[in-house]
Amino acid sequence: VLLACFLAISGGALATDKSMVRQAVIRAIPQGYALDADIDIVLNRTLEDALTKGINLHFLVELEVTRPRNWWLDEDIAEPVRKLRIYYHLLLRRYVVEMGYTTQTVATLDEALGLLGKVIDWQVLERGALKAGQRYDARLRLRLDTARLPKPLSIGAVTGDRWELATPWHEWSFDAPAAPPAASSLP
136 VLLACFLAIS GGALATDKSM VRQAVIRAIP QGYALDADID IVLNRTLEDA LTKGINLHFL
196 VELEVTRPRN WWLDEDIAEP VRKLRIYYHL LLRRYVVEMG YTTQTVATLD EALGLLGKVI
256 DWQVLERGAL KAGQRYDARL RLRLDTARLP KPLSIGAVTG DRWELATPWH EWSFDAPAAP
316 PAASSLP
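In the numbering used here, the protein residues as written are 136 to 322.
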């Protein structure tokens with residue numbers, strides 16, 4: 136009985152501690168369409184230890200946008216990928232988060248993972264790529280890019296799950312919003 140209670144409690148803790156996409160939305164901007172998303176990232180002990188020893192962890196945010204069709208396969212609209220990196224700067228004793236051309240440093244791992252999981256204004260489609268009012272499907276996930284691990288670690292990453300981190304695909308459908316007027320370059 137005691138073992139069953141322990142397994143129930145620990146199983147519940149494991150279920151809530153998984154990395155996952157909390158929410159995602161594609162919205163119209165003057166240049167096209169942008170993605171905003173909240174992703175909860177939970178590192179396992181192996182990844183935390185590697186990070187505190189100065190190993191860079193590279194992540195990929197992967198988005199797939201398709202247009203459903205009744206009589207044929209879905210039309211692939213776009214599959215943009217955003218590269219992210221987090222590492223612990225041993226001399227500064229701070230975490231460094233790189234998101235595209237933006238770099239920020241923070242004091243704690245929780246702050247760093249919070250920054251890493253916030254996707255704001257990521258332009259994923261050009262203007263005119265979607266038809267206003269048309270229905271589209273989207274899928275989003277974040278995963279550790281094991282190919283970017285140092286070679287001795289990436290070889291072990293192929294066979295071990297300690298070097299894996301991937302959120303389940305977050306799927307949603309949306310009606311493409313009308314694009315706002317293009318920004319004018321004239322005063």
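Glycine included, C-beta positions come from ideal geometry on N, C-alpha and C. The model shown is predicted, which means the values in this text are computed figures rather than measured ones.
Using a threshold of 8 Å, state whether the C-beta atoms of residue 170 and residue 307 are closer than that.
-> No, the Cβ-Cβ distance between residue 170 and residue 307 is not below 8 Å.
8 Å contact criterion, which residue 213 and residue 159 should meet: CB distance rounded | So it is not a contact: roughly 14 Å between Cβ atoms.
Starting from residue 132, trace the alpha helix (DSSP H) both ways and give me its first and last residue.
-> Residue 132 is absent from the model: the chain starts at 136 and stops at 322.
At least three beta-carbon pairs within less than 8 Å, the stretch 214 to 224 to the stretch 189 to 198 | Contact annotation: the stretch 214 to 224 touches the stretch 189 to 198, with at least three C-beta pairs closer than 8 Å.
State the Cα-Cα distance for the pair residue 282 and residue 178, rounded to the nearest angstrom.
-> Rounded to the nearest whole angstrom, the CA to CA distance from residue 282 to residue 178 is 18 Å.
Supposed close pair residue 251, residue 219 - CB separation, criterion 8 Å | So it is a contact: roughly 6 Å between Cβ atoms.
Measure how close the beta-carbons of residue 167 and residue 262 come, nearest whole angstrom, since I'm counting them as under 8 Å.
-> Residue 167 to residue 262, Cβ: 4 Å. Contact.
Chain-order list of residues whose beta-carbon lies under 6 Å from that of residue 331 (same chain, five-residue window excluded) | Outside the displayed range of the chain (136 to 322) lies residue 331, so it cannot be described from this structure.
N- and C-terminal bounds of the alpha helix (DSSP H) containing residue 226 | No alpha helix (DSSP H) holds residue 226; DSSP gives it neither H nor E.
Using the beta-carbon count (16 or more within 10 Å), is residue 304 buried or exposed?
-> Classification of residue 304: exposed, given that the 10 Å Cβ count is below 16.
In DSSP terms, what residue 308 is bridged to | 272.
Just the Cα atoms here: how many angstroms apart are residue 209 and residue 203?
-> Whole-angstrom Cα-Cα distance: 5 Å.
Return yes when at least one heavy atom of the ligand FMN lies under 7 Å from the C-beta of residue 190, else no.
-> Inclusion of the ligand FMN in the displayed structure is not the case, the ligand content being empty and no account of it being possible.
Minimum C-alpha distance to residue 233 - residue among 161, 222 and 268 | A check of alpha carbon separations from residue 233 across 161, 222 and 268 identifies 222 as the nearest.
Pair within 8 Å by beta-carbon distance, residue 297 and residue 181 | Less than 8 Å separates the beta-carbon of residue 297 from that of residue 181.
Report the rounded CA-to-CA distance for residue 379 versus residue 165, giving the unit in angstroms.
-> In the structure as shown, the chain starts at 136 and stops at 322, and residue 379 therefore has no counterpart that could be examined.
My guess is that residue 268 and residue 311 are in contact by the Cβ rule of under 8 Å, so how many angstroms apart are they, rounded?
-> Right, the Cβ-Cβ distance comes to about 7 Å (below 8 Å), so this counts as a contact.
If you check the beta carbons only, do residue 157 and residue 174 fall under 8 Å apart?
-> Yes, these two residues count as a Cβ contact at 8 Å.
Terminal residues of the continuous alpha helix (DSSP H) containing residue 245?
-> In the DSSP assignment, residue 245 falls within the alpha helix (DSSP H) that extends over 244 to 251.
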